[in-house]
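Chains as they are written, first to last, in the working numbering: chain E, 1 to 281; chain X, 1001 to 1474. Inspection log for the structure reproduced underneath, given as structure tokens.
Right under this line is the structure:
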């Protein structure tokens, strides 16, 4: 007799823990063919607020960590992801070979961003030769808590939007791809075992149209990445709501996730701080 | 004063083979020259016999590097990055073993090899790994190309760290290397060769040729070497610059120093004393950027020197593997002779010599922490690099005089400034002709921070984004 498998409960990932939605709701996740896969948690407005609180709480520690430390932790995430290659390929689905390639690309993307941790300031910061006896130095600093609406590409797309936000010291709340949220929650398990402090990445599953506006209007969110929003009206409403506290916004795009990403996803959620100091006896 | 019980780090963690070959094309091979014994400078006991490379051996190593260059430079940067990340991780995994090996072969205290050298070695590989696929962001154009085969000659004071400074950026940029470690400290470089094997680095990308000065000269002079990088004495640096003159070889040199550590009257004395001690006694003073000239403002001279003498009396000299040791063994009999000679000159030229009461081990190469006061700028101990735990004290009255005296040297590697006034730090930094200026700290290193000298301390920088330039065809 074949053994009956023990299935995983897919929950949210908030503050380093895996709670169910406080709303008690869930929704059915199916394979592209329509087969039942899981009941994923359907996050609520309250879950968004809890996740933002967790992200805010994690911000001082994470942004205050040395860039070298952050780089090592991102690299550790890559190591942990590589170790679960087969599991992720299965969850990503859509054919074994392309799925494995997508997982490999996600690992490599993490490694790429890991290397940026202690380099972005030397590429994006600058000493400024002002006309006077002053040291004048501009350095990038993380914006704060960033809300991220992840694209439909369930792993490579997800990694490609989360890694650039956190590598510079931001913390984030991610709304996972609505139809394929399972890799995102499994990624939470990877993050939870990679020395990433709890709350740096918080992952919500549920309905994008319900959750994105709460993130967009939340006054303790400083940046908003709308990459995964496909409905132009929803995108517009989110961007308008984001204007209230002048969130930095990345508008929806459908990029080629396999291409080298450039530095724009990092710089969008960086502030430039310029320090003046006199020179004199 | 507290008494300390011995607290030796176990040497069982490291397995030293009786003999080592050269590392060429991914394998250990015999060398054509006579074997050389590397000794533990703390006991004078031989540790291992190491092959020496003749010019034929060097030629084979360069050929292997040339052959590997095609493959290595054609790899996507992201793949080179992953090799370097692997190396960084293996170094982290084997850090304690490498630290013990470094202390055995070099004589430096385990506290330094464990807490300074090895973390920096791993960090350096980690840092440059990240550049391998980001070269187009470094400001050298869209697709900066590597140079080819790099010939690298490194010193004995930070054997594995200097290897990291040379190999990590070279490989990240797509070059292959032939590296010659110092004659007296080859063992960690050979352990690194094993690490390259563990990382499955393609054969020929890293080649290690051990030997003495003639081996290094053969590496530098080889016609198929495109880039020469040297860290060591200014004297040898000049010879190398003459050797590569008229060729297309790109050259970077990191040479000697005679750094001024400048203490103003408003400096916090206790912190300054710690900085002075770190500046000159760290690594037995075997540091090219050591703060070997203390420039102290006249008004606080007595107070500062009293405090410094008290602090020096607490320094523990002895077994490098003891976790409480501050000052280990001098690396070689030859170096000890140089330090003794220059110290004798200090006395005969009229400076006043002082060392704390300090019992030195019977065997091995040792020199007590030493202070010279009443030093004039004309004295040899104020002008020549001593590369030992010997500090020369001079005084000044005004900031301008401090700058004048600090710059009165053919060297220009580093300088230290101690004052509570930020604007004065920057005013001084603007005027000091030195590649690194430490303010209210000393001997700080980070892979993200460029290091290198002005004037006869050499040219080119290692570390940071700027450190890529030495290994790119730009």
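A virtual CB, placed ideally from N, CA and C, is assigned to each residue, including glycine.
* To do: With a floor of 3 residues, list each beta strand (DSSP E) that falls wholly inside the segment 1216-1298 of chain X, ordered by position along the chain.
  => If we require 3 residues or more, the beta strand (DSSP E) runs fully inside the segment 1216-1298 of chain X come out as 1227-1231, 1250-1254, 1260-1263, 1293-1297.
* Asked: Which runs of the alpha helix (DSSP H), 4 residues or longer, sit entirely within the segment 6-70 of chain E?
  -> Runs of the alpha helix (DSSP H) inside the segment 6-70 of chain E: 45-64.
* Uninterrupted alpha helix (DSSP H) stretches inside the segment 1048-1129 of chain X (no shorter than 4 residues) -> 1055-1074, 1077-1093, 1095-1106
* **Rounded straight-line distance, which links the Cα of residue 38 of chain E to that of residue 148 of chain E** => Within the first chain, residue 148 of chain E is the residue found at index 148, counting from 1. Within the first chain, residue 38 of chain E is the residue found at index 38, counting from 1. Computed Cα separation, rounded: 23 Å.
* Asked: Helix, strand or coil: how does DSSP classify residue 130 of chain E here?
  -> The sequence position of residue 130 of chain E within the first chain is 130, counting from 1. Note: residue 130 of chain E maps to coil in three-state DSSP.
* When the cut-off is 8 Å and only beta carbons count, does residue 1307 of chain X lie next to chain E? -> Indexing the second chain from 1 puts residue 1307 of chain X at position 307. Interface residue (Cβ-Cβ distance to chain E less than 8 Å): residue 1307 of chain X is not classified as such.
* Asked: Roughly how many whole angstroms lie between the Cα atoms of residue 232 of chain E and residue 54 of chain E?
  -> The count along the first chain starts at 1 and reaches residue 232 of chain E at position 232. The count along the first chain starts at 1 and reaches residue 54 of chain E at position 54. Roughly 29 Å separates the two Cα atoms.
* To do: Please name the residue, chosen from X:1031, X:1251, X:1037, that lies closest to residue 1052 of chain X on a Cα-to-Cα basis.
  => The count along the second chain starts at 1 and reaches residue 1052 of chain X at position 52. Considering only alpha carbons, the answer is X:1031.
* Asked: From which residue to which residue does the beta strand (DSSP E) around residue 223 of chain E run?
  -> What you label residue 223 of chain E is simply residue 223 of the first chain in a count that begins at 1. 223-225 is the span of the beta strand (DSSP E), which, as asked, contains residue 223 of chain E.
* Beta-carbon spacing of residue 1123 of chain X, residue 1227 of chain X below 8 Å -> Along the second chain, read from residue 1 onward, the residue named residue 1123 of chain X stands at position 123. Along the second chain, read from residue 1 onward, the residue named residue 1227 of chain X stands at position 227. Taking 8 Å as the Cβ cut-off, residue 1123 of chain X and residue 1227 of chain X do not qualify as a contacting pair.
* Asked: In this structure, what does DSSP give as the bridge partners for residue 1392 of chain X?
  -> On the second chain, position 392 is the one that residue 1392 of chain X refers to. Partner(s): X:1293, X:1372.
* Can you grab the Cα-Cα spacing for the pair residue 185 of chain E / residue 14 of chain E, in whole Å? => As a position in the first chain, residue 185 of chain E is number 185, starting the count at 1. As a position in the first chain, residue 14 of chain E is number 14, starting the count at 1. It is roughly 11 Å from the alpha-carbon of residue 185 of chain E to the alpha-carbon of residue 14 of chain E.
* Asked: chain X beta carbons: is any one of them nearer than 8 Å to that of residue 263 of chain E?
  -> Walking along the first chain from the start, residue 263 of chain E turns up at place 263. Taking 8 Å as the CB threshold, residue 263 of chain E lines the interface with chain X.
* Spatially closest choice to residue 1209 of chain X from X:1178, X:1284, X:1246, X:1312, by CA coordinates -> Position 209 of the second chain holds residue 1209 of chain X. The shortest Cα separation from residue 1209 of chain X among X:1178, X:1284, X:1246, X:1312 belongs to X:1178.
* **Neighbouring residues, chain X, relative to residue 281 of chain E (Cβ below 7 Å)** => For the purposes of this step, residue 281 of chain E is taken as residue 281 along the first chain, with counting starting at 1. Here the neighbours are 1399, 1424, 1427.
* Own chain residues within Cβ distance below 6 Å of residue 1265 of chain X, not counting five before or after -> As a working mapping, residue 1265 of chain X is identified with position 265 in the second chain. Result list for residue 1265 of chain X: 1297, 1299, 1300, in chain order.
* Asked: Out of curiosity, what's the CA-to-CA distance linking residue 117 of chain E and residue 170 of chain E?
  -> Taking the first chain and counting its residues from 1, one reaches residue 117 of chain E at position 117. Taking the first chain and counting its residues from 1, one reaches residue 170 of chain E at position 170. Near 12 Å, if we compare the C-alpha coordinates of residue 170 of chain E and residue 117 of chain E.
* Helix, strand or coil for residue 1019 of chain X per DSSP? -> Counted from its first residue, the second chain places residue 1019 of chain X at position 19. In this structure, residue 1019 of chain X counts as strand in the three-state DSSP scheme.
* Asked: Taking Cβ positions only, does residue 10 of chain E come closer than 8 Å to chain X?
  -> Residue mapping note: residue 10 of chain E aligns to position 10 of the first chain, counting from 1. Residue 10 of chain E does not count as touching chain X.
* **Distance between residue 1142 of chain X and residue 1473 of chain X (C-alpha atoms, nearest Å)** => Within the second chain, the letter at position 473 stands for residue 1473 of chain X. Within the second chain, the letter at position 142 stands for residue 1142 of chain X. Looking at the two C-alpha atoms, the distance is approximately 12 Å.
* Does any residue of chain X bring its CB to less than 8 Å from the CB of residue 118 of chain E? -> If you number the first chain from 1, residue 118 of chain E lands on position 118. Chain X, which has a Cβ nearer than 8 Å to the Cβ of residue 118 of chain E, makes this yes.
* Short-range partners of chain X found in the segment 118-140 of chain E, where Cβ spacing is below 7 Å -> 118, 119, 122, 123, 135
* Helix, strand or coil at residue 265 of chain E [DSSP, three-state] -> Residue mapping note: residue 265 of chain E aligns to position 265 of the first chain, counting from 1. DSSP places residue 265 of chain E in the helix class (H, G or I) of the three-state scheme.
* Residues that DSSP places opposite residue 1322 of chain X in a beta bridge -> Translated into positions along the second chain, residue 1322 of chain X becomes position 322. Bridge partners of residue 1322 of chain X: X:1008.
* If you follow the beta strand (DSSP E) that residue 202 of chain E is part of, which residue opens it and which one closes it? -> Stepping through the first chain from its first residue, residue 202 of chain E is reached at position 202. 201-204 is the span of the beta strand (DSSP E), which, as asked, contains residue 202 of chain E.
* **Beta-carbon gap between residue 269 of chain E and residue 165 of chain E smaller than 8 Å** => Translated into positions along the first chain, residue 269 of chain E becomes position 269. Translated into positions along the first chain, residue 165 of chain E becomes position 165. In contact: residue 269 of chain E and residue 165 of chain E (Cβ atoms closer than 8 Å).
* Examine chain E for any beta-carbon lying closer than 8 Å to the beta-carbon of residue 1082 of chain X, and answer yes or no. => On the second chain, position 82 is the one that residue 1082 of chain X refers to. Closer than 8 Å to some Cβ of chain E, the Cβ of residue 1082 of chain X qualifies, so yes.
* Asked: Roughly how many whole angstroms lie between the Cα atoms of residue 1351 of chain X and residue 1294 of chain X?
  -> If you number the second chain from 1, residue 1351 of chain X lands on position 351. If you number the second chain from 1, residue 1294 of chain X lands on position 294. Those two C-alpha atoms are separated by around 14 Å.
* Using the C-alpha atoms, what's the distance from residue 1353 of chain X back to residue 1312 of chain X? -> Here residue 1312 of chain X is taken as the residue at index 312 of the second chain, counted from 1. Here residue 1353 of chain X is taken as the residue at index 353 of the second chain, counted from 1. About 13 Å.
* Interface residues of chain E around residue 1137 of chain X at Cβ under 8 Å? -> One-based indexing of the second chain puts residue 1137 of chain X at position 137. Near residue 1137 of chain X (Cβ distances below 8 Å), the residues of chain E are 119, 123, 263.
* Asked: By DSSP, does residue 120 of chain E sit in helix, in strand, or in coil?
  -> For the purposes of this step, residue 120 of chain E is taken as the residue at position 120 of the first chain. Residue 120 of chain E falls in the helix class under three-state DSSP.
* Flag residue 1123 of chain X as yes if its beta-carbon sits less than 8 Å from any beta-carbon of chain E, otherwise no. => By 1-based counting over the second chain, the position of residue 1123 of chain X is 123. It does; some Cβ of chain E falls within 8 Å.
* To do: Closer than 9 Å by beta-carbon distance: list the chain E residues that pair up with residue 1131 of chain X, in chain order.
  => Walking along the second chain from the start, residue 1131 of chain X turns up at place 131. Residues of chain E passing the Cβ test: 115, 119.
* Asked: By the criterion of Cβ-Cβ separation under 7 Å, what are the contact partners of residue 108 of chain E in chain A?
  -> No chain A is part of this structure, whose protein chains are labelled E and X.
* To do: Return helix, strand or coil for residue 112 of chain E, following the three-state DSSP convention.
  => Taking the first chain and counting its residues from 1, the one referred to as residue 112 of chain E is at position 112. Reduced to three states, the DSSP call for residue 112 of chain E is helix.
* **Whole-number beta carbon distance between residue 1207 of chain X and residue 1025 of chain X, since they are thought to touch under 8 Å** => As a position in the second chain, residue 1025 of chain X is number 25, starting the count at 1. As a position in the second chain, residue 1207 of chain X is number 207, starting the count at 1. About 7 Å; that satisfies the 8 Å criterion.
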